[in-house]
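J.:
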Amino acid sequence: MQHFTKIADVSNLSALIERAFECKRSPHAWPSLGRGRTLGMVFFNPSLRTRVSTHRAATLLGMDVISMTVGDETWQLETRDGVEMDGPAAEHIREAAAVLGRYVDVLGVRSFAHLRDRQEDYAETILERFRACAGVPIVSLESATRHPLQSLADVLTIEQFKRRSRPRVVLTWAPHPKALPQAVPNSFAEWARAMDYELVIAHPPGYELDPQFTEGATISYDQDEALDGAEFVYAKNWSSYRDYGKILSQDRSWQITPEKMARTSDGYFLHCLPIRRNMIASDAVLDSPRSLVIEQAANRIPAAQAVLRTILETR
Amino acid sequence: MQHFTKIADVSNLSALIERAFECKRSPHAWPSLGRGRTLGMVFFNPSLRTRVSTHRAATLLGMDVISMTVGDETWQLETRDGVEMDGPAAEHIREAAAVLGRYVDVLGVRSFAHLRDRQEDYAETILERFRACAGVPIVSLESATRHPLQSLADVLTIEQFKRRSRPRVVLTWAPHPKALPQAVPNSFAEWARAMDYELVIAHPPGYELDPQFTEGATISYDQDEALDGAEFVYAKNWSSYRDYGKILSQDRSWQITPEKMARTSDGYFLHCLPIRRNMIASDAVLDSPRSLVIEQAANRIPAAQAVLRTILETR
Amino acid sequence: MQHFTKIADVSNLSALIERAFECKRSPHAWPSLGRGRTLGMVFFNPSLRTRVSTHRAATLLGMDVISMTVGDETWQLETRDGVEMDGPAAEHIREAAAVLGRYVDVLGVRSFAHLRDRQEDYAETILERFRACAGVPIVSLESATRHPLQSLADVLTIEQFKRRSRPRVVLTWAPHPKALPQAVPNSFAEWARAMDYELVIAHPPGYELDPQFTEGATISYDQDEALDGAEFVYAKNWSSYRDYGKILSQDRSWQITPEKMARTSDGYFLHCLPIRRNMIASDAVLDSPRSLVIEQAANRIPAAQAVLRTILETR
């Protein structure tokens with residue numbers, strides 16, 4: 015594996031999943047694979063779960079880890095070519111990426127959508143320039159439009175708990191007070207389709223995701239109907255792709271409650287965390303034994319470990 | 015040892031102290047005890063001494079360390095149950111603690127008193143929820159009401175330099191321009207009593223600490239009298255427990271000077287650092303050979319190493 | 015080597031350079047030299063390149079690394095002696111340095127010029143107090159007036175690419191929108207003179223550096239003339255030493271362009287990075303095969319590794 019920023023980077027998905035389950039069973043089985051190798055992680059946006067789980071995965075493989083919390087503001091990078099850099103950006107991404115690529119062996123990058131300009135966010139400029147200029151494998155730690163380490167953990171959790179080969183998985187929008195990026199739902203849809211799950215995406219009108227991610231999924235504007243027979247319910251808020259970055263609804267009737275879960279086929283509840291209790295889902299759902307959110311978060315470690323193992327073994 | 019957040023967590027105090035002196039003599043004697051184990055440290059408040067000394071102690075034992083500087087503001091956690099989370103807090107402490115407990119083997123937590131609401135601070139909500147929900151041993155890196163790693167280092171320093179089995183130890187309030195928590199004096203009093211030192215606590219009226227920590231100690235409003243015959247003088251500022259969080263006095267006559275030290279029985283000077291020179295104590299005291307403050311700070315490493323060894327060996 | 019904060023600390027420059035090239039050829043050859051030793055790095059100012067490259071160098075030698083991003087504001091240290099500390103500074107540098115010296119084996123310190131008071135900056139108070147009080151070797155990670163790890167990397171790059179023993183090296187001022195310290199050019203001049211390069215320093219009138227660093231170099235106010243026959247062109251902006259900290263010129267005609275490079279003797283281009291494209295130098299210069307800026311940045315690792323090796327082997 016050269017890079018890991020989207021599903022298209024994964025040449026053999028079932029092998030990656032098998033590898034992740036090996037890591038989950040035996041996390042300490044490869045203590046020297048990454049000996050003398052360094053994972054650098056650049057955070058243009060804050061991170062807790064991703065930072066800690068990926069760090070842990072790397073150290074399990076014997077790698078050293080250097081985290082750089084740079085912030086969108088503290089380290090403004092120029093991404094346009096040919097400009098006279100007399101503004102706030104003190105460095106061009108060409109040099110930034112090339113230099114970091116000389117300092118570390120694998121480079122993780124987190125850079126969120128700004129939700130101001132759809133074309134700019136969906137161009138994934140930061141991530142793509144790192145891919146092009148760093149000269150080392152790039153691992154997405156969540157980018158403007160995708161969060162593949164999360165999606166791999168999501169898939170692992172479904173594989174761990176599914177009762178039949180092609181489960182009915184419902185990704186449902188849920189209300190939230192702030193405008194959130196589409197990275198998690200985009201990415202989950204992309205991975206769920208690659209896994210050939212029966213994928214239903216439910217949301218109020220206007221919340222349609224970019225069709226490149228959802229092609230082949232069933233889209234529903236009726237959450238209740240969508241939940242009928244669901245084996246996994248993945249709740250998540252996102253802002254509008256069409257009216258880019260806007261909050262079109264805060265409809266509390268889309269909150270996942272025990273009544274909603276009762277429509278499912280003894281379904282499990284998923285969320286990538288952090289989750290706002292009694293907004294996205296009620297306490298009773300989160301505290302029930304059908305909630306897998308902690309296990310799903312725990313699966314971030316084997317997910318990251320499998321990706322790093324694959325990169326280290328490929329090099 | 016399951017947790018280390020207060021003296022009551024220590025089942026065998028003299029064994030812990032013996033263990034710490036072993037670590038002080040031979041810090042490199044257990045390089046593999048923590049191999050493959052990770053210490054996570056979550057800082058809701060800034061830390062330098064505690065972070066570096068605890069990190070160092072962990073790496074001496076072969077552990078990996080992941081520090082999370084989250085800040086009271088950058089990662090607001092909801093601690094109340096049952097609320098609709100539509101405010102600034104993006105995550106409930108239940109999920110935060112449970113997830114971190116899946117990522118690391120031992121979890122350090124720093125969370126200061128806010129000095130606004132005594133009941134809230136003394137409930138130790140953050141720490142107690144981490145103890146209840148993380149599923150891994152919790153080490154206090156200073157909480158609202160206690161600082162046990164500091165207290166253990168304080169006790170080590172006294173044990174290292176005491177001339178008789180039951181030394182006279184004076185904990186004295188000293189002036190300071192800002193309102194400070196009671197965690198260090200509370201905790202020191204708790205440990206000094208457990209060590210059965212002859213403990214005198216001197217402060218101006220109104221600075222009485224919570225009696226649960228000071229029971230059995232002699233309380234004095236006369237610093238000079240308290241210092242007579244003292245073998246150890248532990249100076250520290252704190253804000254009022256009664257008029258909660260208030261500064262009632264900035265009386266400079268409580269500063270520790272050579273004249274004050276002359277009243278002692280060739281006493282040693284202690285302080286947890288950072289210390290404001292010529293406020294808490296004068297230059298002449300800090301620069302005299304009777305000042306143990308650097309040795310006391312150095313003892314933070316064997317203190318943390320002994321605690322981590324105990325936790326690792328218990329598991 | 016006791017400390018590494020200026021060229022005068024280097025007792026054998028050619029041995030240090032030889033050692034750095036050994037590290038460049040075989041970075042993994044000393045994986046246990048620093049086992050059980052800790053490098054602490056204190057950043058009063060932000061750092062990316064220095065932090066990552068020095069961290070990497072230390073881990074290649076088996077050291078543990080603890081980075082402390084403290085900030086000029088977040089951790090205000092009193093540096094004056096004898097004052098009553100009732101202001102914003104909560105700690106005296108005497109205690110800060112002495113304590114950190116008890117926690118780590120080697121201490122890196124970054125502390126920039128404030129460009130307000132020349133005498134204060136050139137006294138290097140922070141760095142000198144750490145040297146005096148920490149009790150462990152101090153490595154400068156860029157101080158108010160020098161950046162020796164950068165200078166060593168600069169010299170390595172010249173040694174790597176030079177075509178004759180005493181190359182003509184031109185350090186030239188170039189325009190920049192903000193006032194920058196003199197640390198990099200001061201330090202480079204100091205090292206280039208120690209290497210006995212033919213050093214020319216070109217800048218507009220008023221940008222003369224402190225003569226202690228430039229003695230023996232040729233000073234030129236005519237960039238074109240200076241570039242004639244240059245084998246290495248080191249471009250860098252700095253603020254005025256005479257009108258301390260002031261921007262006296264933003265003359266774009268001092269930008270390094272292909273036309274300027276055409277005057278050189280097939281010269282190489284150097285810069286310490288970060289570099290503002292089309293301000294300091296044009297895209298065509300940075301993207302040409304004569305630009306060594308990425309290799310120069312990469313040489314920060316063997317530079318730091320050689321310094322740490324020397325310190326570890328001396329102790």
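Residue numbers (our numbering), protein chains in the order written: chain X, 15 to 329; chain L, 15 to 329; chain Z, 15 to 329. Ideal Cβ positions, reconstructed from N, Cα and C, are used throughout, including at glycine. These numbers were taken from a predicted model, which means no experiment stands behind them.
1) With L:Trp-252 as the anchor, note down where its alpha helix (DSSP H) starts and where it stops.
2) Which residues in chain X sit within 9 Å of L:Val-84, going by Cβ to Cβ distance?
3) Let me confirm a value: L:Thr-228 is counted as buried when at least 16 other C-beta atoms fall within 10 Å, else exposed. Which label applies?
4) Of all the options L:Gln-16, L:Ser-25, L:Ala-111 and L:Leu-155, which has the alpha carbon lying nearest to the alpha carbon of L:Phe-57?
5) Is Z:Ala-71 buried or exposed, if buried means 16 or more other CB atoms sit within 10 Å of its CB?
6) Going by the CB atoms, is the gap between L:Thr-278 and L:Ala-244 shorter than 7 Å?
7) Does Z:Pro-219 come within less than 7 Å of chain X when only Cβ atoms are used?
8) Compare the Cα-Cα distances from Z:Ala-298 to each of Z:Thr-159, Z:Phe-283, Z:Ala-216 and Z:Leu-241 and report the closest residue.
9) How would you label Z:Tyr-235, buried or exposed, when you count the other beta carbons within 10 angstroms and need 16 or more for buried?
10) Of all the options L:Pro-191, L:Leu-262, L:Gly-281 and L:Leu-129, which has the alpha carbon lying nearest to the alpha carbon of L:His-217?
11) Note down the Cα distance separating X:Lys-38 from Z:His-128, rounded to an integer number of angstroms.
12) My parser needs the alpha helix (DSSP H) runs of 4 or more residues fully inside the region 188-260 of chain X; what are they?
13) Between the beta-carbon of X:Gly-220 and the beta-carbon of X:Arg-256, is there less than 7 Å?
14) Whole angstroms are fine: how far does the CA of L:Ile-294 sit from the CA of L:Gln-269?
15) Excluding the 5 residues flanking X:Ala-197 on each side, which residues of the same chain have their C-beta closer than 7 Å to its C-beta?
16) Against chain Z, does L:Ala-311 count as a neighbour if the rule is that its beta carbon must be under 7 Å from one of theirs?
17) First and last residue of the alpha helix (DSSP H) that includes Z:Ser-165?
18) Whole angstroms is fine: what's the gap from X:Ser-67's alpha carbon to L:Gly-54's?
19) What's the C-alpha gap between Z:Lys-274 and Z:Ala-208?
20) In terms of residue numbering, what span does the beta strand (DSSP E) encompassing L:Val-118 cover?
21) Within its chain, find whatever has a CB closer than 8 Å to the CB of X:Lys-260; leave out the 5 residues flanking it on each side and keep chain order.
22) Can you pull the chain Z neighbours of L:Pro-45, defined as C-beta to C-beta under 9 Å?
23) Would you tell me roughly how many angstroms separate the C-alpha atoms of X:Asp-330 and X:Arg-304, rounded to the nearest one?
24) Where do the N-terminal and C-terminal ends of the alpha helix (DSSP H) with X:Asp-78 fall, by residue?
25) In whole angstroms, what separates the C-alpha of Z:Glu-239 from that of Z:Pro-41?
26) Would a C-beta distance cut-off of 7 Å place L:Leu-91 and L:Ala-103 closer than the cut-off?
27) At 7 Å on the CB atoms, spell out the chain Z contacts of X:Arg-116, in chain order.
28) Thinking L:Thr-171 and L:Glu-309 are a contact (beta carbons under 8 Å), I'd like their distance in whole angstroms, please.
29) Could you pull the DSSP bridge partners for X:Glu-138 from this structure?
30) Assign Z:Pro-225 to one of two classes, buried (16 or more other C-beta atoms within 10 Å of its C-beta) or exposed (fewer than that).
31) Rounding to the nearest angstrom, what Cα-Cα distance links L:Val-214 and L:Trp-205 in this structure?
32) Residues in the region 278-290 of chain X with C-beta within 7 Å of chain L's C-beta atoms, listed in sequence order?
33) Since Z:Ser-46 contacts Z:Gly-85 with CB under 8 Å, what's their CB separation in whole angstroms?
34) Counting only Cβ pairs nearer than 8 Å, list the residues of chain X close to Z:Val-321.
35) Can you list, in chain order, the residues of its chain with a C-beta nearer than 6 Å to that of Z:Ile-140? Leave out the 5 residues immediately preceding and following it.
36) Going along chain Z in order, which residues have a C-beta closer than 8 Å to the C-beta of L:Val-66?
T.: If we stick to the structure as given:
1) Unbroken run through L:Trp-252: none, as it is neither H nor E.
2) Pro-60 and Leu-62
3) The residue is buried, with at least 16 neighbouring Cβ atoms inside 10 Å.
4) For the options L:Gln-16, L:Ser-25, L:Ala-111 and L:Leu-155, the alpha carbon positioned closest to that of L:Phe-57 is the one of L:Leu-155.
5) Classification of Z:Ala-71: buried, given that the 10 Å Cβ count is 16 or more.
6) yes
7) no
8) In terms of CA proximity to Z:Ala-298, Z:Phe-283 leads the group Z:Thr-159, Z:Phe-283, Z:Ala-216 and Z:Leu-241.
9) exposed
10) L:Leu-262
11) 51 Å
12) With a minimum length of 4 residues, the continuous alpha helix (DSSP H) runs that stay inside the region 188-260 of chain X are 197-208, 225-228 and 237-241.
13) yes
14) Between L:Gln-269 and L:Ile-294, the alpha-carbon positions lie close to 5 Å from each other.
15) Ala-127, Glu-156, Ser-157, Ala-158, Thr-159, Arg-160 and His-161
16) Interface criterion met: the Cβ of L:Ala-311 is under 7 Å from a Cβ in chain Z.
17) In this chain, the alpha helix (DSSP H) harbouring Z:Ser-165 covers 162-175.
18) 11 Å
19) 27 Å
20) Looking at the DSSP string, L:Val-118 is not in any beta strand (DSSP E), and its letter there is neither H nor E.
21) Taken in chain order, the residues that qualify are Ala-193, Ser-253 and Ser-254.
22) Arg-49 and Gly-50
23) With chain X represented from 15 up to 329, any question about residue 330 of chain X goes unanswered, as that position is not in the structure.
24) Here X:Asp-78 belongs to no alpha helix (DSSP H); instead the beta strand (DSSP E) covers 78-83.
25) 41 Å
26) yes
27) Ile-308, Ala-311 and Ala-312
28) By a beta-carbon distance limit of 8 Å, L:Thr-171 contacts L:Glu-309. Their separation comes to about 6 Å.
29) Beta-bridge pairing links X:Glu-138 to no other residue.
30) exposed
31) 13 Å
32) Leu-287, Pro-288, Ile-289 and Arg-290
33) Between Z:Ser-46 and Z:Gly-85 a beta carbon distance of about 34 Å is seen, past the 8 Å cut, so the two are scored as non-contacting.
34) Using a Cβ-Cβ cut-off of 8 Å, Z:Val-321 is close to nothing in chain X; its nearest Cβ partner there is about 16 Å away.
35) Ser-125
36) Ordered by position in chain Z, the residues that pass the 8 Å Cβ test against L:Val-66 are Gly-54, Ile-80, Met-82, Leu-114, Tyr-117 and Val-118.
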